[in-house]
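Since the structure comes first, as structure tokens, the remarks are kept for the end.
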Amino acid sequence: MRAAVVTEFGGPEVVEIVESELPEPGAREVRIKVAAAALNPVDAGVRAGFFGGAGRRIGLGWDVAGTVDAVGVDGGAWSVGDEVVALHYGMAKPLGTHAEYVVVDTDAVAKAPTTADAAHAATLPLNALTAAQALDLLELSVGQSLLVTGAAGAVGGFAVQLAAHRGIEVTAVAREGDEELVRSLGAARFTTAEAAPGEADAVLDAAFLGERALEWVRDGGAYVGVRPGAHPASVRGVRTTAVEVDADGARLAELSRLVDEGVLTLRVAETYGLDEAAKAHARLAEGGVRGRLVLVP
0 MRAAVVTEFG
10 GPEVVEIVES
20 ELPEPGAREV
30 RIKVAAAALN
40 PVDAGVRAGF
50 FGGAGRRIGL
60 GWDVAGTVDA
70 VGVDGGAWSV
80 GDEVVALHYG
90 MAKPLGTHAE
100 YVVVDTDAVA
110 KAPTTADAAH
120 AATLPLNALT
130 AAQALDLLEL
140 SVGQSLLVTG
150 AAGAVGGFAV
160 QLAAHRGIEV
170 TAVAREGDEE
180 LVRSLGAARF
190 TTAEAAPGEA
200 DAVLDAAFLG
210 ERALEWVRDG
220 GAYVGVRPGA
230 HPASVRGVRT
240 TAVEVDADGA
250 RLAELSRLVD
260 EGVLTLRVAE
270 TYGLDEAAKA
280 HARLAEGGVR
290 GRLVLVP
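Residue numbers (numbering that gives the first Met the number 0): 0 to 296.
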């Protein structure tokens, strides 16, 4: 089978398409025939060597939508032919989801949304789980206020929708040209980072603004970033932390249902063939992408 990997670190040009043996599922694993797989900033980080792994072949890709193709021992409720989505977590794994087939743990898998095609479904796992788990860390109640930085991005957009769905008052922090988009996602207010957004009960910092975003949290509030270990130190009694996404299939199933209920919007910016993986990485590096770039084997 074909798979996108890196054997050296660098820019988009180091992404290779190689032939690899078809992976076999072990105990509590399933093999998925990949229909689509999103490209995320973490893939660019892996490619550039930010997470280590020098001297090894590293597979790219965390998100997948496709069909269960084989089931290992103790495969749970999954059967061949099930249409699924999954998060394949790992910084330096030998094969990722940017491949024709991928093996994942059964408890990382969920039924795919029935209202979305595979390309759109593939944008759900990593970014929606990150947003949902970040909101859990903030522990906000109905009626409290939340600032979401990077609100027009993938994680930020899901965070706006999920928070609004929970009855939280959301202020979206984004670029001027994104106001219509973030309001359509459920933001009650819009501002830019340059406009001094004011105080809120909490900040979900999807734009990596760090201490600058921390200034917008009221005394005793909460701050959650999306880069593990990179959150600012606590000040003024503000609780600070960062989310590290967990490949939670049960939670992913809830998010999939919210897609079918119209609560969550899936956004695809562009699609590329697997052989165009390096080209997709180059487009991601250009910035300004609204929605996810998706590889289709």
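Positions of the beta carbon are idealized from the N, C-alpha and C atoms, including for glycine. A quick note: this is a predicted structure, and the numbers were derived from the prediction, not measured.
Query	Result
Would you mind working out which of Leu-94, Ser-183, Gly-60 sits nearest Met-0, comparing C-alpha positions?	Leu-94
Can you confirm whether the segment 105-124 touches the segment 47-58 when touching is taken to mean that 3 or more C-beta pairs between the two stretches lie within less than 8 Å?	no
For my contact list, Val-181 and Val-159 are in at a C-beta cut-off of 8 Å; report their separation, rounded to the angstrom.	6 Å
If you follow the beta strand (DSSP E) that Gly-220 is part of, which residue opens it and which one closes it?	216-224
What does a CB cutoff of less than 6 Å around Thr-148 pick up in its chain, not counting 5 residues either side in sequence?	Val-172, Asp-204, Ala-205, Ala-206, Leu-208, Ala-212
Applying the 10 Å Cβ sphere with the 16-neighbour rule, what's the burial state of His-164?	exposed
Would you call the segment 250-261 in contact with the segment 274-281, where contact means no fewer than 3 C-beta pairs closer than 8 Å?	no
Assuming Glu-253 is part of the alpha helix (DSSP H), what are its boundary residues?	248-259
Buried or exposed: where does Arg-289 fall if 16 or more other Cβ atoms within 10 Å of its Cβ makes it buried?	exposed
Could you check the C-alpha separation between Gly-156 and Ser-78 for me, to the nearest Å?	33 Å
My understanding is that Asp-81 touches Thr-66, with C-beta atoms under 8 Å, so please give their C-beta distance in whole angstroms.	7 Å
In whole angstroms, what separates the C-alpha of Phe-189 from that of Ala-199?	13 Å
Going by CA-CA distance only, name the one from Gly-152, His-230, Ala-121 that's closest to Arg-174.	Gly-152
Using the C-alpha atoms, what's the distance from Asp-42 back to Ala-281?	12 Å
Give me the Cα-Cα distance between Leu-184 and Thr-264, rounded to the nearest whole angstrom.	8 Å
Just the C-alpha distance for Ser-19 and Arg-226, rounded to the nearest angstrom, thanks.	31 Å
How many Å lie between Ala-133 and Gly-224 at the Cα?	8 Å
Would you identify the three-state DSSP class for Ala-85, choosing helix, strand or coil?	strand
Where do the ends of the alpha helix (DSSP H) carrying Ser-183 lie?	178-183
If you compare alpha carbons, which of Ala-53, Gly-9, Gly-89, Asp-68 is closest to Glu-243?	Gly-89
For Glu-28, count neighbouring C-beta atoms within 10 Å of its own C-beta (all shown protein chains included) and say buried if the count is 16 or more, exposed if not.	buried
Can you give me the Cβ contacts of Ala-279 inside the same chain, cut-off strictly under 7 Å, excluding the 5 residues immediately before and after it?	Leu-38, Tyr-271, Leu-292, Leu-294
Out of Ala-85, Asp-62, Ala-34, Arg-30, state which residue places its alpha-carbon closest to the alpha-carbon of Pro-40.	Asp-62
Between the C-alpha atoms of Ile-167 and Val-84, what's the straight-line distance to the nearest angstrom?	28 Å
Could you pull out every unbroken beta strand (DSSP E) segment of at least 3 residues lying fully inside the segment 9-39, listed in chain order?	15-18, 28-38
So, with DSSP's three-state summary, where would you put Gly-74?	coil
Could you spell out the range, first to last residue, of the alpha helix (DSSP H) harbouring Phe-157?	153-164
Using the Cβ count rule (16 or more neighbours within 10 Å means buried), how would you classify Asp-218?	exposed
Cutting at 8 Å between CB atoms, please list the residues of its own chain near Ala-91, excluding the five before and the five after it.	Val-45, Phe-50, Gly-51, Gly-52, Arg-55, Ile-57
Select from Val-4, Thr-191, Asp-177, Leu-251 the residue whose C-alpha is nearest the C-alpha of Ala-98.	Val-4
Mark Gly-286 as exposed unless 16 or more other C-beta atoms lie within 10 angstroms of its C-beta, in which case mark it buried.	exposed
For Lys-278, name the three-state secondary structure that DSSP assigns.	helix
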